[in-house]
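Residue 4 is where the sequence shown starts when you use our numbering, and the numbers rise one by one after that. For each residue, glycine too, the CB sits at the ideal point set by N, CA and C. It should be emphasised that the depicted structure is a prediction, and the values quoted were computed from it without experimental measurement.
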Amino acid sequence: MNKRARNRLIGISVIVVFAVAAILVGAGPDGAYSRTVSEVAGKTEFSGDRVRVTGTVIEGSWNRRTDPMIFDIRNEGATDGPQIRVEYVGNVPATFGDGVVAIITGTLDDGSTKITSDTMVTQCPSRYESIEGAISVDDLLASTGGGYRMVTGFVVAGSIKPVTEEFRFKVQNTNSGGSQVPIIYQGALPSGMDSGSQVVFGGEMDENGAFVAVTVSLSEAEQQ
């Protein structure tokens with residue numbers, strides 16, 4: 004084999020290796036190809052395919068009491084545009100909620116308008132907020148008035164639950180204990196939130212003694 008032919012063979016081999024690598028990366032370890040919502044929504048040529056779709060959970064599109072869990076997603080970061088309905092059977096991640104980025108692996112059907120899935124991973128941004136102006140759990144429980152409050156407290160060990168549960172987590176007055184309040188929250192929990200984390204949350208108490216939160220962030224102290 005002359006030098007020119009050998010170089011040509013080497014070049015072809017390199018191209019083949021990169022092509023195969025690209026296919027394997029695109030397919031992922033479970034054989035599902037990564038797609039965006041807009042790439043597959045309503046595209047009948049993908050019906051029956053196993054895919055991995057990344058999208059943002061649309062606020063109010065799910066009900067924690069349904070089994071299997073059903074919700075809608077659209078392109079990550081988008082406020083409108085194509086949607087796909089997800090029918091999910093499996094353990095719901097504790098960080099699932101409105102606005103969370105969900106990576107769904109499953110099979111497309113119904114003309115690629117629905118994906119049936121048994122695998123879901125969620126991605127949550129880190130959110131930090133100052134405790135300045137926030138009241139303690141003890142002060143919250145001692146107050147007599149209603150209305151919106153900013154509160155800070157510490158996550159009770161082992162209390163963080165999936166969004167399918169009535170109470171998402173509990174907070175206590177100090178890291179070592181004290182008064183506790185159950186928190187109702189349907190949004191995405193901040194990345195890094197765990198037992199003992201100091202959190203800052205906004206909302207109001209309900210008539211049953213639970214706090215209905217509309218925002219939950221980690222205290223800036225958690226950045227240390």
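Have a look at the DSSP bridge pairing and note the partners of Phe99. In the sequence shown, counting from the first residue as 1, residue 99 sits at position 96. Note: Phe99 sits in no beta bridge, so no partner.
Just the C-alpha distance for Ala160 and Asp52, rounded to the nearest angstrom, thanks. Residue numbering aside, residue 160 sits at position 157 when the sequence shown is read from its first letter. Residue numbering aside, residue 52 sits at position 49 when the sequence shown is read from its first letter. In a straight line, the C-alpha of Ala160 is about 41 Å away from that of Asp52.
DSSP state of Ser64, grouped into three classes? Start at 1 with the first residue of the sequence shown, and residue 64 comes out as number 61. DSSP, read as helix, strand or coil, puts Ser64 in coil.
Nearest to Arg113 by alpha carbon, out of Ser50, Tyr131, Arg67, Gln86? The sequence position of residue 113 within the sequence shown is 110, counting from 1. The identity of residue 113 in the sequence shown is Asp, whereas the question assumes Arg. Just measuring C-alpha positions, the residue of Ser50, Tyr131, Arg67, Gln86 sitting nearest Asp113 is Ser50.
Using DSSP with H/G/I as helix, E/B as strand and the rest coil, what is Ala216? Within the sequence shown, numbered from 1, the residue matching residue 216 stands at position 213. In the three-state DSSP reduction, Ala216 falls in the strand class (E or B).
On a CA-only basis, which of Gln86, Phe74, Ala97, Ser115 is nearest Thr47? Give me that one, please. Indexing the sequence shown from 1 puts residue 47 at position 44. Nearest of Gln86, Phe74, Ala97, Ser115 to Thr47, Cα basis: Ser115.
Skipping 5 residues on each side, what residues in its chain have a beta carbon closer than 8 Å to that of Ile163? Here residue 163 refers to the residue found at position 160 when the sequence shown is read from its first residue. Excluding positions up to five away in sequence, the list reads Ala97, Arg171, Phe172, Leu192, Met196, Asp197, Ser198.
So which of Gly84, Val60, Arg67, Thr69 has the shortest CA-CA distance to Asp75? Your numbering for residue 75 matches position 72 in the sequence shown. Comparing C-alpha distances from Asp75 to each of Gly84, Val60, Arg67, Thr69 shows the shortest one belongs to Val60.
Proximity of Gln201 and Thr155 at Cβ, strictly below 8 Å: In the sequence shown, the residue the question calls residue 201 occupies position 198. In the sequence shown, the residue the question calls residue 155 occupies position 152. Inclusion of Gln201 and Thr155 in the CB contact set at 8 Å is warranted, their separation being smaller than that value.
Do Arg152 and Leu143 have their CB atoms nearer than 8 Å? Working through the sequence shown from its first residue, we reach residue 152 at position 149. Working through the sequence shown from its first residue, we reach residue 143 at position 140. Yes, Cβ-Cβ distance for Arg152 and Leu143 is below 8 Å.
Compare the beta carbon distance of Arg67 and Tyr36 with 8 Å and say whether it is the shorter of the two. Mapped onto the sequence shown, residue 67 falls at position 64. Mapped onto the sequence shown, residue 36 falls at position 33. Not in contact: Arg67 and Tyr36 (Cβ atoms no closer than 8 Å).
Quick one: is Gln175 buried, meaning 16 or more other Cβ sit within 10 Å of its Cβ, or exposed? As a working note, residue 175 is residue 172 in the sequence shown. By the 10 Å Cβ count, Gln175 comes out buried.
Delimiting residues of the beta strand (DSSP E) encompassing Ser120: The residue given as residue 120 occupies position 117 in the sequence shown. Bounds of the beta strand (DSSP E) holding Ser120 are 117-126.
Measuring CA to CA, which of Ser182, Ser179, Thr39, Thr119 is closest to Asn78? The residue given as residue 78 occupies position 75 in the sequence shown. The shortest C-alpha separation from Asn78 is found at Thr39.
Below 8 Å CB to CB, which residues in the same chain sit around Gly102 once its five sequence neighbours on both sides are set aside? What you label residue 102 is simply residue 99 of the sequence shown in a count that begins at 1. Cβ within range, chain order: Thr59, Val60, Glu62, Gly190, Ala191.
In angstroms, rounded to a whole number, what distance separates the CA positions of Phe99 and Pro185? Start at 1 with the first residue of the sequence shown, and residue 99 comes out as number 96. Start at 1 with the first residue of the sequence shown, and residue 185 comes out as number 182. Approximately 18 Å, taken between the alpha carbons.
When the Cα atoms are used, what is the spatial distance from Ser182 to Thr69? Position 179 of the sequence shown, counted from the start, is the residue given in the question as residue 182. Position 66 of the sequence shown, counted from the start, is the residue given in the question as residue 69. One C-alpha to the other measures close to 33 Å.
Determine the direct distance from the alpha carbon of Gly109 to that of Ile118, and round the result to whole angstroms. Position 115 of the sequence shown, counting from 1, holds the residue named residue 118. Position 106 of the sequence shown, counting from 1, holds the residue named residue 109. Whole-angstrom Cα-Cα distance: 6 Å.
Please report the straight-line C-alpha distance between Val203 and Cys127, rounded to a whole angstrom. Working through the sequence shown from its first residue, we reach residue 203 at position 200. Working through the sequence shown from its first residue, we reach residue 127 at position 124. Distance between the alpha carbons of Val203 and Cys127: 16 Å.
Can you look up Phe170 in the DSSP assignment and give me helix, strand or coil? In the sequence shown, counting from the first residue as 1, residue 170 sits at position 167. Note: Phe170 maps to coil in three-state DSSP.
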